[in-house]
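Note sheet for the following structure.
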Amino acid sequence: PSGEIVEGDSVTLICSSDSNPPAEISWFKEETCVGSGRIYSISKISSDHSGEYKC
């Protein structure tokens, strides 16, 4: 996301794809799967959530 993220904020990541059939989306933090679906939300973000997220 753009802009500053402050500890305690809520963050929503959105992944979009254009495929047929529709893609099954998974979210990864570094190499670990942390969720599935088009939207991944983190409430009350902290330093524990730092890292690179990919869908």
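What the sequence shown shows, in full-length UniProt numbering, is residues 1 to 55, in sequence order. By construction, the Cβ of each residue, glycine as well, lies at the ideal position given by its N, Cα and C atoms.
query                                                                                                                                                                              : result
Enumerated in chain order, which unbroken segments of the beta strand (DSSP E) with a length of 3 residues or greater are wholly contained in the UniProt domain "Ig-like" (1-55)? : 11-14, 26-29, 32-36, 39-42
Can the beta-carbon of Ile42 be found closer than 8 Å to that of Val11?                                                                                                            : yes
Which residues in the same chain have their Cβ closer than 8 Å to the Cβ of Asn20, if we skip the five residues on either side of it in sequence?                                  : none
In its own chain, which residues sit with a C-beta less than 6 Å from the C-beta of Gly55, not counting the 5 before and 5 after it?                                               : Reading the sequence as shown, one finds Cys at residue 55 and not Gly. Once the five neighbours on either side are set aside, the close Cβ partners of Cys55 are Cys15, Ile25, Trp27.
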